[in-house]
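Residue numbers (this note's numbering), protein chains in the order written: chain A, 1 to 520; chain B, 521 to 1040.
Notes follow once the structure below has been shown.
Number of protein chains: 2
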Amino acid sequence: MTHDMHPQRWGDAAHAEPLPASTRELVELAFGAVDTPAVDSVTMPSSELAAHLLGTLADIVGPEHVHVDDHTRRLRTRGKSTPDLLKARAGDVSDAPDAVVRPASADEVDALLGWAAEHHVAVVPFGGGTSVTGGLVAAREGFAGLVSIDLVRMDQLLEVDPVSMTARLQPGMRGPQAEAALAEHGLRLGHFPQSFEYATIGGFAATRSSGQNSAGFGRFDQMVVGLRLATPAGELVAGSSPANAAGPDLRQLVLGSEGTFGIITEVTVRVRPAANETAYEAWRFESFTAGRDAMRHLAQNQILPTIIRLSDETETALNLASQSDVGGEGVTGCLMIVGHEGASIDGRRELIASTLTDLGGSSLGEDRGQSWLEGRFHAPYLRDSMLDVGVLVETMETATFWSNADRLYTDVKAALEASLGEGSIVLCHVSHVYETGCSLYFTIATSSGDDPLGRWIAAKSAASDAMIDAGATITHHHAVGTDHKPWLAREIGPVGVAMLRGVKDAVDPTGILNPGILIP
Amino acid sequence: MTHDMHPQRWGDAAHAEPLPASTRELVELAFGAVDTPAVDSVTMPSSELAAHLLGTLADIVGPEHVHVDDHTRRLRTRGKSTPDLLKARAGDVSDAPDAVVRPASADEVDALLGWAAEHHVAVVPFGGGTSVTGGLVAAREGFAGLVSIDLVRMDQLLEVDPVSMTARLQPGMRGPQAEAALAEHGLRLGHFPQSFEYATIGGFAATRSSGQNSAGFGRFDQMVVGLRLATPAGELVAGSSPANAAGPDLRQLVLGSEGTFGIITEVTVRVRPAANETAYEAWRFESFTAGRDAMRHLAQNQILPTIIRLSDETETALNLASQSDVGGEGVTGCLMIVGHEGASIDGRRELIASTLTDLGGSSLGEDRGQSWLEGRFHAPYLRDSMLDVGVLVETMETATFWSNADRLYTDVKAALEASLGEGSIVLCHVSHVYETGCSLYFTIATSSGDDPLGRWIAAKSAASDAMIDAGATITHHHAVGTDHKPWLAREIGPVGVAMLRGVKDAVDPTGILNPGILIP
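Right under this line is the structure:
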């Protein structure tokens, strides 16, 4: 796996396989698919950064770490949201940065921010480039230029504290790098979002990421016990203790700030021992409601497994059709995946199994659970393969309290179906549960048509309106970026927005940090 | 129990008993105690609020809820920090508010803040008045007056959601009121700080409170899923979902803001079923280090009881001397209290007991555990009884990561012993544990001498310097108030302070909210 993703697709081009013929036939039947190749050649806008500014940049990081060539700039143009991909496929590279710089240390990041503030150059921090919400599309108007600060060189495990069970990590470490480095100490972080293979520690923190193991390991914001943030006003070092009453928790103000308050230069995380045992099981419930009730029971009785997910009836049926290799009986009703990881999992596994059985669940054994595990990072590749044949696949996610989950599910699904029209599909699963509520993760597939971006905007707006109208959040774990900004404004209201702006103005008075992202 | 505390003492005057003769003898022997009665009569400063302002106040809350009489104002003068008590006992009531107003609703609080901003009147929110860090001593200079906004009338349980297991509470509910109201629904909150009998839901939130059951129930900031905050800029309603990635978590920005960003008018909390079973046990460990290692093992293996506490050798010996009524053998080494509460506690109780035994612990049975439970809210009364006989008793607390706990303990203890000199005692216990670290709670007793406030300032400064120098927090759960401000500035640094000021300026541009509190 290379570090850079393909400029027009998710991940490594070597993994980007066309759809198998049988799937292609199904897709053609369902959506009237037609080959829709991406535009091959693009014309990069020239770098507009003045020569003397490039010189002073080189003074900070060394000339070999300042890149203005077309190839490098193209690889740092936008992220992987659907609008990002549609623009990239159409050959639109208008959001390219003027330069890509690669600092080696927190001090260099600090100096870069001083440089940017002095010369009024906008900066976009770059980790894995996996944003699916437009988090890398900074608004460059009014600035002397736009520079991508690529944290790829800051990729070291700095320190392990085996007594406190914490580790200090640099922000540019990708998920697999972090797990590999910790594994050498017999430890693990246990954070596996779908973007795991490319996304970075700094990005997990900046976006309040939540991984598939959240039932057992918590969200990334629950793993972070300390961090360093470089801002134009100086450095914040937060995390004197696991928890305290020394004013508002500033760690929680940095987590989710998406590069608008500063650049995260170090993250101290809680770690746990590497797992000795793992087991993945599938379960069947009669309905999405019955399955959610079972999840709620586990969460409210503090007997959660490491991973728990539940597909609605439609997603269950589709998973079945696409996983005929798994074997076994066809599944009706709703499929639940239950994963256990730890030093000794038997006791809890048995308790959860008997509880799920009591609540109406039927065990489907381990094959389907294992199959989910093996394909867990694959879905983003499928989105590209579908775009290749003119089918728009998108995911949207939200969260609410348990008593509101049914309304939220019904409303968002109805809004999507109304917007997409006949011949489209809307799937949903619960991927994260809490004592008081859960997330809902929707997947849609529809014909791209003549105006895929227009179709996307209409569906996205309809779903987002439904989420906010239902009193839910605009995003459980995809973050805000540019795509969710209008709905964030509604979710937190004008006082919430004023608070974010207040912090921003205090540490970034000239507004150079990721302008246009997050803050409405 | 009345709602108002005695103006010069903790709690209800009816509970303020003189020391028993035997204890008094011991105290005399140890500290050379002398009777030091409080000044009986005080002269209240007259209310300086102009008549037309009182009139407009009355328009908002009704004339019967605006109080300018000496008695009511005296009861809202300061909190219960040691400097607060020393000043009150000396007859100093110079921090009295000009009026006490009692709003009945979030709308009335909102109108009061509009009124205060318009007339440049400083406001101090008042819940239980239990602050031990000077959180109620607002700086009135430059304002047209100082008004205490007493939330006592906002004391209702507004709604229970038994599906989501949440409850909406008004901020003026005291701990016992909240638990009693929830008990009618078969629920409980499970938050028991030492101030429980008087402190309020709003105060728990505003100070990031942590209760004695934190191992089982979490800190108050982990219980809050939603809140409403009235600010001069309008209302913030936070909490769309249990957790999300919609920017920084604004709940965590309000929690710990100590009335400086706004007044909390509603809190939605996670609740749990009322406990069917409880058991409290005592255990003995050979040393403070061995006991902490056992706590760490339980925390890092996620097998914590509901309550776990550990006294150091000195505190263990003193507890023994003062609890001779408990019976049983004398305890050397270190005393650990382990409490279990829940629907069915046996399984976990046995697992923890066998683990503690494996780690070198010896069970001391249930009597001592039960005795701790019965006296859990009594210590603040003892502080007053000791002041009556010229002995200064104070508590100071901090938290750090496990690998730093020994250094922190040694350094703070040494700093206190050096400052207090011969004939003083310094005790410590661990009251809160996390996977990555723990709190340390110090209790000191020393002769008040001629200048008790001077002795207090010297000891407090020495301990606080030692905490910050050791990289720990200035407060694990007592909050910042005025007493901890200089050390908060060191803990979070200038960028952290700038962030807090940025938020403050955004929502309270004229600075009327609790001026002088929290923000350095």
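Just so you know, even glycine gets a beta-carbon here, dropped at the ideal spot from N, CA and C.
Contact between the region 240–247 of chain A and the region 116–132 of chain A is absent, with fewer than three C-beta pairs closer than 8 Å. Nearest to A:Leu-304 by alpha-carbon distance, out of A:Thr-23, A:Ile-425, A:Arg-73, A:Val-433, is A:Val-433. Straight-line measurement puts the Cα of A:Asp-411 at about 30 Å from the Cα of A:Leu-136. For A:Pro-18, same chain residues with a beta-carbon under 8 Å away, outside a window of 5 residues either side, are Arg-24, Ser-385, Asp-388 in chain order.
Setting aside the 5 residues that flank it on each side, A:Leu-255 is surrounded in the same chain by Ala-205, Arg-208, Asp-221, Val-224, each with a C-beta closer than 7 Å to its C-beta; the list follows chain order.
Burial is judged here by how many other beta carbons sit within 10 angstroms of a residue's own beta carbon; A:Leu-335 has at least 16 and is buried. If you draw a straight line from the Cα of A:Ser-195 to the Cα of A:Gly-128, it comes to about 9 Å. Counting only unbroken stretches of 4 or more residues, the alpha helix (DSSP H) elements lying wholly within the region 652–729 of chain B are 695–703, 721–726, in sequence order.
Taking a Cβ-Cβ cut-off of 8 Å, the neighbours of A:Glu-235 in chain B comprise Gly-1013, Val-1015, given in sequence order. Taking 8 Å as the upper bound on Cβ-Cβ separation, chain A lies near residues Val-745, Leu-749, Thr-751, Ala-753, Gly-754, Glu-755, Leu-756, Val-757, Ala-758, Ser-760, Ser-761, Pro-762, Ala-763, Asn-764, Ala-765, Ala-766, Gly-767, Pro-768, Asp-769, Leu-770, Gln-772 of the region 742–772 of chain B. Separation of A:Thr-355 and B:Ser-874 (C-alpha to C-alpha, rounded to the nearest whole angstrom) is 26 Å. Per the coordinates, the alpha-carbon of A:Glu-64 lies some 44 Å from the alpha-carbon of B:Ala-925. Secondary structure in the region 428–478 of chain A: the alpha helix (DSSP H) runs of 4 residues or longer, each lying completely within the stretch, are 452–469 in chain order. When Cβ-Cβ separations below 9 Å define contact, A:Tyr-381 makes no contact with chain B.
If you ignore the 5 residues before and after A:Leu-488, its C-beta comes within less than 7 Å of the C-beta of Ile-474, Val-480, Pro-520, all in its own chain and listed in chain order. Sorting A:Gly-218, A:Val-39, A:Glu-179, A:His-3 by C-alpha distance to the C-alpha of A:Thr-130 places A:His-3 at the top.
Ranked by Cα distance from A:Thr-231, the options A:Asp-505, A:Gly-516, A:Leu-518, A:Ile-517 are led by A:Asp-505.
Residues of the region 434–448 of chain A with a C-beta less than 7 Å from any C-beta of chain B: Tyr-434, Glu-435, Thr-436, Gly-437, listed in chain order.
According to the DSSP assignment, A:Thr-332 belongs to no alpha helix (DSSP H), since it is labelled neither H nor E. Beyond the five residues adjoining it in sequence on each side, B:Arg-1010 comes within less than 6 Å, by CB distance, of Ile-988 in the same chain, given in chain order. The C-beta separation of B:Pro-1006 from A:Gly-234 comes to about 19 Å, leaving the pair out of contact by the 8 Å criterion.
Only those residues of the region 912–927 of chain B whose C-beta falls short of 7 Å from the nearest C-beta of chain A are listed: Ala-919, Thr-920, Phe-921, Trp-922, Ser-923.
A distance of 9 Å or more separates the beta carbons of A:Glu-281 and A:Asp-346. According to DSSP, A:Ile-263 shares a beta bridge with A:Ala-230.
Along the region 191–215 of chain A, going in chain order, the ones with a CB nearer than 8 Å to a CB of chain B are Thr-207, Arg-208, Ser-209, Ser-210.
Bounds of the alpha helix (DSSP H) holding A:Trp-487 are 485–507. With contacts defined as CB atoms closer than 9 Å, B:Val-680 and B:Leu-709 fail to qualify as a contacting pair. Pairing B:Pro-565 with B:Ile-1032, the inter-Cα distance amounts to about 21 Å. In the three-state scheme derived from DSSP, where H, G and I count as helix and E and B as strand, A:Arg-89 is classed as helix.
Look at A:Val-225 here: in three-state DSSP terms it is strand.
The three-state reading of DSSP puts A:Trp-402 in helix, counting H, G and I together. When DSSP states are grouped into helix, strand and coil, B:Gly-862 belongs to the strand group. B:Ser-984 and B:Ser-923 have their C-alpha atoms roughly 20 Å apart. Shown here for A:Thr-446: same chain residues with a beta carbon closer than 6 Å to its own, the five before and five after excluded, namely Leu-392, Leu-420, Ser-424 in chain order.
Counting the other CB atoms within 10 Å of its CB gives A:Leu-29 a total below 16, which places it among the exposed residues. Cβ proximity to chain A below 8 Å picks out Ile-994, Thr-995, His-996, His-997, His-998, Ala-999, Val-1000, His-1004 from the region 994–1005 of chain B.
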